[in-house]
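Numbering-wise (the working numbering), the sequence shown opens with residue 787 and increments by one. We treat Cβ as the ideally placed atom computed from N, Cα and C, and that holds for glycine. As the structure is a computational prediction, the values presented were derived from the model and not from experiment.
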Amino acid sequence: MDEICEKVSAHIGRQIVMSPMRLGHRHMHGLLVRTDTVDYIVYESETSQFHRDHIALHELSHQLCGHRGQIGRDESTNALGRSAAIDSHSSDADEEEAELMASLLGMFISEPARPTRADATPDHKLLQVMRSFGLLEG
Ligand SMILES: [Zn+2]
């Protein structure tokens, strides 16, 4: 997974940070948060390794495919600068493409899945963006 992440990062020329966290949403298991400097891949931590990998690959696929998603409503006022959250609001076509790509990428992940060196604690900037989108309580 780290390898795929690095390749995608090199391909799109952006820093990617994996951020597992407890989302607890019924329908949304992952999302892509873009800021000026970093792309965060946020994915549900309370699920199986297989599911976590799939969610992360799905979000990476959105990046690979260049999907734009929704630009944050706080675009102009947010002190963090431009930020965008992708997913749960993306078009059906984008979702299908990302799902297909994620399944294809999944075949390259060796079994048993290797642990990612994901950050255990998401950084403050990310949490701030997540809150501004109403994605985190508190
Ligand atoms: Zn998606």
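Query, Result
"Quick check: what's the CA-CA separation for residue 851 versus residue 909?", "26 Å"
"Please list, in chain order, all residues of the same chain as residue 809 whose beta carbon is under 6 Å from its beta carbon, the five residues on each side excluded.", "830"
"Any heavy atom of ligand 1 closer than 7 Å to the Cβ of residue 884?", "yes"
"Return yes when the C-beta of residue 848 is under 7 Å from any heavy atom of ligand 1, and no when it is not.", "yes"
"Looking at the structure shown, is residue 846 part of a helix, part of a strand, or coil, going by DSSP?", "helix"
"Following the continuous alpha helix (DSSP H) through residue 805, name the residue where it begins and the one where it ends.", "Taken as a continuous stretch (DSSP letters only), residue 805 belongs to no alpha helix (DSSP H), being part of the beta strand (DSSP E) at 801-807."
"Rounded to whole angstroms, what's the CA-CA distance from residue 820 to residue 814? Just pull it up for me.", "17 Å"
"Mapping the DSSP letters down to three states, classify residue 816 as helix, strand or coil.", "strand"
"Should residue 816 be labelled buried (16 or more other beta-carbon atoms within 10 Å of its own) or exposed?", "buried"
"How should residue 825 be labelled, buried or exposed, when 16 other C-beta atoms within 10 angstroms of its C-beta is the threshold for buried?", "buried"
"Report the rounded CA-to-CA distance for residue 921 versus residue 789, giving the unit in angstroms.", "28 Å"
"Using C-beta distances below 6 Å, list every residue in its chain close to residue 884, excluding the 5 sequence neighbours before and after it, in chain order.", "844, 847, 848"
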